[in-house]
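Residue 1120 in our numbering sits at position 92 of the sequence shown, and the numbers go up by one each step.
Beta carbons are placed, not taken as given, at the ideal position from N, Cα and C, and that holds for glycine.
Heads up: the structure comes next, in structure tokens.
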Amino acid sequence: MWVICKLVADRSATPKKVSGTWANGQTMEGYMYPDKAVPLVEQYGKHETRDDAVVRLVTEYYPELKDSTLEHLKRLSKEFLTGSMKTYKIVKLKPVT
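Have a look at this one:
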């Protein structure tokens, strides 16, 4: 079973210090909390395959694309699942023993 999770800042953890340099040479420092995944089972449900979860996530935001191919929906899912601004994560549920 696969479930869609929203990524939120884990404020209970210790933030890590990050620093960088802007294009004009100025430096920047700050703190960043790690992400934790919060399952959204009530909103998106559980899915048999990861592909089903990807289709559900993309068609939530783009309902007009429900008849598109799986390859096209996977390309669109990169907007939500990868990069520095990712907001969702699809995880596999571990079976309870």
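If I'm right that K1034 touches V1086 with Cβ under 8 Å, what's the distance once you round it to whole angstroms? Going by Cβ atoms, the distance from K1034 to V1086 rounds to 15 Å, so no, they are not a contact pair.
By alpha-carbon positions, which one of K1106, T1055, M1060 and D1038 ends up nearest to K1045? M1060
Please give the ranges of any beta strand (DSSP E) in the stretch 1035–1086, keeping only runs that are unbroken, at least 3 residues long and fully inside the region. 1044–1049, 1055–1060 and 1063–1067
From K1064, Y1116, F1108 and Y1089, pick the residue whose C-alpha is nearest to that of A1041; which is it? K1064
Can you check whether the CB of Y1089 is closer than 9 Å to the CB of I1032? No, these two residues do not count as a Cβ contact at 9 Å.
Note down, in chain order, each residue of its chain lying with its Cβ closer than 7 Å to the Cβ of F1108, except the 5 sequence neighbours on either side. Correct list, in chain order: L1085, K1114, T1115 and Y1116.
Do you know how far the Cα of S1112 is from the Cα of G1048? 15 Å
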